[in-house]
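**Q** Residue numbers (this note's numbering): 282 to 536. Note that the Cβ used here is the ideal one computed from N, Cα and C, for glycine as well. Model, not experiment: these values are computed from the prediction.
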Amino acid sequence: MSLKRPLSLIMARVPRWKVHWYTSVESTQFEAASLAEDGCEDRTCVVAQEQTAGMGRLGRKWHSEPGNGLYLSMVLSLPVPPDRVPGVTLALGLAAKDAIETSSELEADLRWPNDVLINGRKVCGVLTQLVNQRVVAGVGINVGHDRFPEELRNIATSLWLEGAMRVSMEDLFVALLDNVDMRATAFARDGIAPLIEEFERASTYAVGKRVAVEQEGRVLRGFTEGLDPQGFLWLRELNGARTLIHAGGVRPEEE
Ligand code: BTN
Numbered sequence: 282m283s284l285k286r287p288l289s290l291i292m293a294r295v296p297r298w299k300v301h302w303y304t305s306v307e308s309t310q311f312e313a314a315s316l317a318e319d320g321c322e323d324r325t326c327v328v329a330q331e332q333t334a335g336m337g338r339l340g341r342k343w344h345s346e347p348g349n350g351l352y353l354s355m356v357l358s359l360p361v362p363p364d365r366v367p368g369v370t371l372a373l374g375l376a377a378k379d380a381i382e383t384s385s386e387l388e389a390d391l392r393w394p395n396d397v398l399i400n401g402r403k404v405c406g407v408l409t410q411l412v413n414q415r416v417v418a419g420v421g422i423n424v425g426h427d428r429f430p431e432e433l434r435n436i437a438t439s440l441w442l443e444g445a446m447r448v449s450m451e452d453l454f455v456a457l458l459d460n461v462d463m464r465a466t467a468f469a470r471d472g473i474a475p476l477i478e479e480f481e482r483a484s485t486y487a488v489g490k491r492v493a494v495e496q497e498g499r500v501l502r503g504f505t506e507g508l509d510p511q512g513f514l515w516l517r518e519l520n521g522a523r524t525l526i527h528a529g530g531v532r533p534e535e536e
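#1: Spatial neighbours of residue 360 within its chain, please: CB distance less than 8 Å, with the 5 preceding and 5 following residues excluded, ordered by chain position.
#2: Tell me, to the nearest whole angstrom, how far the beta carbon of residue 354 is from that of residue 417; I am working on the premise that it is less than 8 Å.
#3: Return the chain-ordered list of same chain residues with a C-beta closer than 6 Å to the C-beta of residue 408, the five sequence neighbours on each side being excluded.
#4: Tell me whether residue 340 sits in a helix, a strand or coil according to DSSP, three-state version.
#5: Which residues does DSSP pair with residue 390 in a beta bridge?
#6: I'd like to confirm something about residue 308: is its beta-carbon nearer than 7 Å to some heavy atom of ligand 1, or not?
#7: Have a look at residue 320 and residue 298 and give me their C-alpha separation to the nearest angstrom.
#8: Is the distance from the Cβ of residue 473 to the Cβ of residue 368 below 8 Å?
#9: Would the C-beta of residue 417 count as close to ligand 1, meaning under 7 Å from any of its heavy atoms?
#10: If you reduce the DSSP assignment to three classes, tell me which class residue 511 lands in.
#11: Taking C-alpha atoms, which residue in 399, 498, 519 lies nearest to residue 528?
The structure is reproduced here in structure tokens:
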């Protein structure tokens, strides 16, 4: 995030958060994980203008163009045993989608578990980890990129490329933290069931979408059939088998 106003004025808009702002880090995720290891406060956030080793899901890199993206990681002290992490993951995707839509006035979609898409291309990724019994959630939003490297060109996009050319990075940041704060509180109070319903309404990928799912060493093909009560994705494979997807990359396929 590039700062257009003094940091103190921006921090005043998110009083419930303790924010660590950096010009350049390897990865906000590493920094936040290390703060979580050291027992930092709930609702600590690390945000950087540039990441030199941005980290994506499934061991991928996260393309982190300096100044053009929002790169941040949040530490949340939620009472989450490992089997409830999928609920947090859904909550974060919904929070990112809401913040993006509010700040850009564009319509976004969700791809299970928590990719945010605009016009079918990925504009935001979320990475959730458990560290020292806290949730460390990293969010990367492509804001001002006017192009992507060749290998990402067909799958990635930015708010700028989708026509939202005047998005305030500060407003996006504040909207995201407010939304995460609200959803973390709701998740701790109400559990996962309302999130599952909301996700199924908000995502065109949740039900009836023809997809390919990359699993370790194989690809499953079929149609999505909604989420199970823990937030995992049901897939009706083309051979008729019903398979619960716990992790993996989901991509659309032509019917
Ligand atoms: C994904 O692969 O979709 C998840 C991408 C998560 C990227 C963000 S950017 C801020 C935080 N720091 C990282 O190194 N990764 C996450």
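**A** On the basis of the supplied data:
#1: Working through the sequence shown from its first residue, we reach residue 360 at position 79. 469.
#2: If you number the sequence shown from 1, residue 354 lands on position 73. If you number the sequence shown from 1, residue 417 lands on position 136. Confirmed, Cβ separation roughly 6 Å.
#3: Indexing the sequence shown from 1 puts residue 408 at position 127. Correct list, in chain order: 338, 419.
#4: Here residue 340 refers to the residue found at position 59 of the sequence shown. Residue 340 falls in the helix class under three-state DSSP.
#5: As a position in the sequence shown, residue 390 is number 109, starting the count at 1. Its beta-bridge partners are 398.
#6: Here residue 308 refers to the residue found at position 27 when the sequence shown is read from its first residue. Look at residue 308: its beta carbon is less than 7 Å from one of the heavy atoms in ligand 1.
#7: Residue mapping note: residue 320 aligns to position 39 of the sequence shown, counting from 1. Residue mapping note: residue 298 aligns to position 17 of the sequence shown, counting from 1. Taking the straight line from one Cα to the other gives about 15 Å.
#8: Along the sequence shown, one-based indexing puts residue 473 at 192. Along the sequence shown, one-based indexing puts residue 368 at 87. A contact, by the Cβ cut-off of 8 Å.
#9: Here residue 417 is taken as the residue at index 136 of the sequence shown, counted from 1. Outside the cutoff, so no.
#10: Your numbering for residue 511 matches position 230 in the sequence shown. Assigned with DSSP and collapsed to three states, residue 511 falls in coil, not helix or strand.
#11: As a working mapping, residue 528 is identified with position 247 in the sequence shown. When each option's Cα is compared against that of residue 528, the closest is 498.
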